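Visitor: Here the protein sequences come in this chain order: A and B.
Per the working numbering, the very first residue in the first sequence carries number 47; after that it's consecutive.
Per the working numbering, the very first residue in the second sequence carries number -4; after that it's consecutive.
Glycine included, each C-beta is placed from N, C-alpha and C at the ideal position.
The structure displayed is predicted, hence computed values, not measured ones.
Pasting a structure below so you can have a look.
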Amino acid sequence: NAGVTQTPKFRVLKTGQSMTLLCAQDMNHEYMYWYRQDPGMGLRLIHYSVGEGTTAKGEVPDGYNVSRLKKQNFLLGLESAAPSQTSVYFCASSPAGQGAYEQYFGPGTRLTVT
Amino acid sequence: SQQGEEDPQALSIQEGENATMNCSYKTSINNLQWYRQNSGRGLVHLILIRSNEREKHSGRLRVTLDTSKKSSSLLITASRAADTASYFCATGPPRSGAGSYQLTFGKGTKLSVIP
């Protein structure tokens, strides 16, 4: 099992450009999440999904869009990149249910917006 | 906004010593989890403790939870150089709340274990 994979690993964008980050998981998890990690800030939730075709906003959703067309994939889009979106982006997944479950993280995508 | 706050922000110890990190949080929780992040990598789950539990062990890890003080501690015994990493606590809200599957992460403790 590959677990959670993310592509690309690194990317440099110019202000105003767009891009899509891809997250894939092979654990048949219902829930998927996108976080950003900035120095000294810990992880902040951008968007999440509780199942195929459903998405919801997290703590810092502005400037991002997401889609979950297939259960195993969760896409994060930046329509018009801004320097404030320079960050490391992590995708995670977890099983469904109201119980307490650990989250499984991908290796991250380091994005720089100039 | 961050729910958990780790203390200290950074900790440096000699190999073989014990390392203790603390986490404080503000609102009711269903569970509290600890994660490790090696430099340049994703987070790895270490241990989960539920709100009705007081202590949990996993190998060299010991986690305590005091819901009356809204705090948790992570103890790593007999530390090794490979334990050098950042450690994050994450809280899960009460089951009845909306988004009860979401975790809120603290800012982390950076642990350095000197060989």
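With DSSP collapsed to three states, give me the class of Ser64 (chain A).
Guide: Coil, per DSSP.
Visitor: Along the chain, which unbroken stretches of the alpha helix (DSSP H) at least 4 residues long are found entirely within the segment 68 to 97 of chain B?
Guide: With a minimum length of 4 residues, no continuous alpha helix (DSSP H) run stays inside the segment 68 to 97 of chain B.
Visitor: Quick one: Cα of Phe120 (chain A) to Cα of Pro107 (chain A), how far?
Guide: One C-alpha to the other measures close to 15 Å.
Visitor: Hey, would you say the C-beta of Gly152 (chain A) is under 7 Å away from at least one heavy atom of the ligand GTP?
Guide: As for the ligand GTP, it is missing from this structure, which has no ligand bound.
Visitor: If distances are taken between C-alpha atoms only, which option among A:Gly152, A:Thr158, A:Leu157, A:His93 comes closest to Gln71 (chain A)?
Guide: Of the listed residues, the one whose Cα sits closest to Gln71 (chain A) is A:Gly152.
Visitor: Tell me Ile42 (chain B)'s beta-bridge partners as DSSP assigns them.
Guide: Answer is B:Trp29, bridged to Ile42 (chain B).
Visitor: Can you find a CB in chain A that lies within less than 8 Å of the CB of Leu106 (chain B)?
Guide: Answer no: the Cβ-Cβ gap between Leu106 (chain B) and chain A never drops below 8 Å.
Visitor: Determine, using beta carbons only, whether Gly62 (chain A) and Ala127 (chain A) come nearer to each other than 8 Å.
Guide: It is a contact, given that the beta carbons lie within the stated cut-off.
Visitor: Pairs of beta-carbons, one from the segment 26 to 37 of chain B and one from the segment 72 to 86 of chain B, closer than 8 Å: are there three or more?
Guide: Short answer: they touch.
Visitor: Count the other CB atoms, across all protein chains shown, that sit within 10 Å of the CB of Asn58 (chain B); report buried if there are 16 or more and exposed otherwise.
Guide: The displayed chain sequence assigns Val, not Asn, to residue 58 (chain B). Its Cβ being crowded by 16 or more others within 10 Å, Val58 (chain B) is buried.
Visitor: Can you tell which of A:Thr132, A:Gln118, A:Leu122 has the C-alpha that lies nearest to the C-alpha of Asn47 (chain A)?
Guide: Residue A:Gln118 is the option with its Cα nearest to Asn47 (chain A).
Visitor: Could one say the Cβ of Gln149 (chain A) lies closer than 8 Å to chain B's Cβ atoms, at least one of them?
Guide: So, interface residue.
Visitor: Measure the alpha-carbon distance for Ser23 (chain B) versus His40 (chain B) and round it to whole angstroms.
Guide: Going by the C-alpha atoms only, they are around 21 Å apart.
Visitor: Could you check the C-alpha separation between Gly103 (chain B) and Gly99 (chain A) for me, to the nearest Å?
Guide: In a straight line, the C-alpha of Gly103 (chain B) is about 33 Å away from that of Gly99 (chain A).
Visitor: When Cβ atoms are compared, which residues of the segment 86 to 108 of chain A fall closer than 9 Å to chain B?
Guide: If the cut-off is 9 Å between Cβ atoms, the segment 86 to 108 of chain A has Gly86, Met87, Gly88, Leu89, Arg90, Leu91, Tyr94, Val96, Ala102, Gly104, Glu105 near chain B.
Visitor: Hey, out of B:Ala76, B:Leu69, B:Ser46, whose CA is closest to Ser63 (chain B)'s CA?
Guide: It is B:Ser46.
Visitor: Would you say Gly11 (chain B) reaches chain A, if we count a Cβ-Cβ gap shorter than 8 Å as a contact?
Guide: Closer than 8 Å: no.
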